Amino acid sequence: MEVRVRLFATLRQQAGWSQQPLTLPDGATLRDALAEIDRQYPALSIGTRTFYAAVNQEYAKGEQLLRDGDEVAIFPPVSGGGIDERMTRWQDDGTAG
Amino acid sequence: MEVRVRLFATLRQQAGWSQQPLTLPDGATLRDALAEIDRQYPALSIGTRTFYAAVNQEYAKGEQLLRDGDEVAIFPPVSGGGIDERMTRWQDDGTAG
Amino acid sequence: MSTKLFEVTATPLSLDDISRRVTRADCGAITTFAGIVRGETATAEGARGTDFLNYEAYGEMAESMMARIGDEVMAKWPAVKAVSILHRTGRLEIGEPSVLIAVATPHRGDGCFDACRYAIERLKAIVPIWKEENWSDGQVWVEGPRQPELAAEYGKTS
Amino acid sequence: MSTKLFEVTATPLSLDDISRRVTRADCGAITTFAGIVRGETATAEGARGTDFLNYEAYGEMAESMMARIGDEVMAKWPAVKAVSILHRTGRLEIGEPSVLIAVATPHRGDGCFDACRYAIERLKAIVPIWKEENWSDGQVWVEGPRQPELAAEYGKTS
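Have a look at this one:
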């Protein structure tokens, strides 16, 4: 099956793309998809950073089963509203510390 | 001495005027002024209704001494803001119950 | 366009306008309160439709009392950088704002919500403005609740 | 003019506009919150001037999460008659609002202040929108605090 992966903010910038198709075996979970993304796009360093994942615009758990056509989004902690945010400095190595 | 009396809202409407000069003896207090207003304008029924008084745009106590040229205002409990007010029905006898 | 922070005016009120009046370079949060003319008012006889309202103010004293409320807010919430209070007079139609309050703070946790709420409560208590409610079959002056700290101290009825 | 209650938009935001979206005949109180682009931001190195901000949203999910916050507000404060949340995207200059929230209730004591505050806290926690801060000498993506209830449950880092 094939899902659509979407990236936002720092993750999009680090990867250099905002969406890509991803082929997965039937029965794959969100966790399987994330492992495959980590393998194909190591610059995202999603194994070591804090991020959130959503499936079809809902926050999702790692064990969630994916279906063909699902939209998988991964993104950093949200900072909408424009106020009171913790500042995260952009590092020279391209990761957000 | 002479002070200027100003009325607002129900009181203005009951009296039929919004400001009048009032002659008082030197040394008169706000309480003296109110007694004189009550005597000259009994339709205001200020002896039996709730009202507030201000001298020169400041809430004032009955014992406050008045000076020539002072502005004495008397008015009903305030209802600015337009919300949550207690309704006070206008009575047939011209007083607010 | 007026830039007064405390104003009684016959001109229709605008939240964008009052927001501009309190905008400061170091403030990331603005809370506002708008009192709106309701089309329905609960009375002892049940819900009653309002046609329009008429507001009368003791203008000079009202602006002075609004400025005092601003001072009280800044004293109670030292992080507050600006307060504005606008009240309209004259005829108001249903859905129009009669009063606007805006409070600006650097961050949303600096008391802007509590300060805004305090300001409208104080306005209702001490600012000399009155409302006349008009229906197709009559009108009534609306009086606020008696404020013991004012009525007990002032006036002949004390 | 849009009448959506929950909207992510590149168009400048207006408090008068959002106020109209929540105006109801039976509501006499509207509370709003505006998040404004500050000209100064505190950093570990001290105050730093901002040139402008750039907001990026996961638009479809953001509007869905905003609507969920509206549902939460109505469940917690049953007197609330309407909630609207608008968030802007793209380049914003200093002094411009990035987010607006409006809550309408019949009376000011019906929870409009608490509901508005709740909504902005929830927005900061769950609505997928990010801010890039730009200075003359660089830029930085601003990340929100890690939300344990999200991070523990979701994603590979759990």
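Protein chains in written order, with the numbering used here: chain A, 2 to 98; chain B, 2 to 98; chain C, 1149 to 1306; chain D, 1149 to 1306. Virtual Cβ for every residue (Gly too), placed ideally from N, Cα, C. On a predicted model such as this, the values are computed, not experimentally measured, just so you know.
Buried/exposed call for residue i, threshold 16 Cβ in 10 Å
| i | result |
| --- | --- |
| residue 65 (chain A) | buried |
| residue 1224 (chain C) | exposed |
| residue 1167 (chain D) | buried |
| residue 1284 (chain C) | exposed |
| residue 1303 (chain C) | Any answer about residue 1303 (chain C) is weak, because its pLDDT of 43 lies below 50 and its placement is not dependable; what the coordinates show is given next. Answer is buried; the Cβ neighbour count reaches 16. |
| residue 43 (chain B) | exposed |
| residue 1218 (chain C) | buried |
| residue 68 (chain B) | exposed |
| residue 1158 (chain C) | exposed |
| residue 40 (chain A) | exposed |
| residue 59 (chain A) | exposed |
| residue 1266 (chain D) | buried |
Nearest-angstrom Cα separation, counted from residue j out to residue i
| i | j | result |
| --- | --- | --- |
| residue 1279 (chain D) | residue 1177 (chain C) | 16 angstroms |
| residue 1174 (chain D) | residue 1187 (chain C) | 6 angstroms |
| residue 16 (chain B) | residue 1258 (chain D) | 38 angstroms |
| residue 1268 (chain C) | residue 1261 (chain D) | 11 angstroms |
| residue 1183 (chain D) | residue 50 (chain B) | 47 angstroms |
| residue 45 (chain B) | residue 18 (chain B) | 11 angstroms |
| residue 86 (chain B) | residue 1264 (chain C) | Note that residue 86 (chain B) scores 40 on pLDDT, short of 50, meaning its location in the model is unreliable; the coordinates nonetheless yield the value given after this. So the alpha carbons of these two residues sit roughly 19 angstroms apart. |
| residue 1149 (chain D) | residue 1163 (chain D) | 13 angstroms |
| residue 1227 (chain D) | residue 1253 (chain D) | 6 angstroms |
| residue 1213 (chain D) | residue 1274 (chain D) | 7 angstroms |
| residue 1328 (chain D) | residue 14 (chain A) | There is simply no residue 1328 (chain D) to check, as chain D begins at 1149 and stops at 1306 in what is shown. |
| residue 34 (chain A) | residue 1197 (chain D) | 41 angstroms |
| residue 27 (chain A) | residue 2 (chain A) | 6 angstroms |
| residue 1233 (chain C) | residue 1203 (chain C) | 16 angstroms |
| residue 1240 (chain D) | residue 1270 (chain D) | 22 angstroms |
| residue 1272 (chain C) | residue 70 (chain B) | 29 angstroms |
| residue 1200 (chain C) | residue 1286 (chain C) | 11 angstroms |
| residue 1205 (chain D) | residue 1247 (chain D) | 12 angstroms |
| residue 1220 (chain C) | residue 8 (chain A) | 48 angstroms |
| residue 1222 (chain D) | residue 1256 (chain C) | 22 angstroms |
Presumed contact (8 angstroms Cβ cut-off) between residue i and residue j, rounded CB distance
| i | j | result |
| --- | --- | --- |
| residue 23 (chain A) | residue 38 (chain A) | 7 angstroms |
| residue 1 (chain A) | residue 62 (chain A) | It is not possible to answer for residue 1 (chain A), since the shown part of chain A is limited to 2 through 98. |
| residue 1156 (chain C) | residue 1235 (chain C) | 5 angstroms |
| residue 1180 (chain C) | residue 1250 (chain C) | 5 angstroms |
Nonlocal neighbours in the same chain, by C-beta distance under 7 angstroms from residue i, ignoring five residues either side
| i | result |
| --- | --- |
| residue 55 (chain B) | 61 and 74 |
| residue 52 (chain B) | 12, 75, 76 and 77 |
| residue 1151 (chain C) | 1169 |
| residue 47 (chain A) | 35, 38, 39 and 75 |
| residue 1209 (chain C) | 1276 |
| residue 1243 (chain D) | 1184 and 1185 |
| residue 79 (chain A) | none |
| residue 10 (chain B) | 76 and 77 |
| residue 1207 (chain C) | 1156 |
Contacting residues, own chain, Cβ-Cβ under 6 angstroms from residue i (five flanking each side not counted)
| i | result |
| --- | --- |
| residue 1245 (chain C) | 1161, 1182 and 1184 |
| residue 72 (chain B) | 5 and 57 |
| residue 1165 (chain D) | none |
| residue 1154 (chain C) | 1211, 1214, 1215 and 1233 |
| residue 1290 (chain D) | 1279 and 1281 |
| residue 29 (chain A) | 67 |
Contact set between residue i and chain E, taken where Cβ atoms lie within less than 8 angstroms
| i | result |
| --- | --- |
| residue 73 (chain A) | The structure shown contains no chain E; its protein chains are A, B, C and D. |
Residues near residue i by beta carbon distance below 8 angstroms, same chain, minus five either side
| i | result |
| --- | --- |
| residue 1288 (chain D) | 1280 and 1281 |
| residue 21 (chain A) | 5 and 6 |
| residue 1172 (chain C) | 1229, 1230 and 1252 |
| residue 1238 (chain C) | 1158, 1202 and 1203 |
**Request:** Could you tell me which uninterrupted beta strand (DSSP E) segments, each at least 3 residues in length, are contained entirely in the stretch 1191-1221 of chain C, listed from first to last along the chain?
**Result:** 1194-1197 and 1200-1205
**Asked** Considering only residues of the stretch 6-30 of chain B, which uninterrupted alpha helix (DSSP H) runs meet the minimum length of 4 residues and lie entirely inside it, listed in chain order?
**Response** 10-16
**Prompt:** Where in the stretch 1237-1302 of chain C do unbroken runs of the beta strand (DSSP E), each at least 3 residues long, occur, reported from the N-terminal end onward?
**Reply:** 1238-1241, 1245-1253, 1277-1283 and 1286-1290
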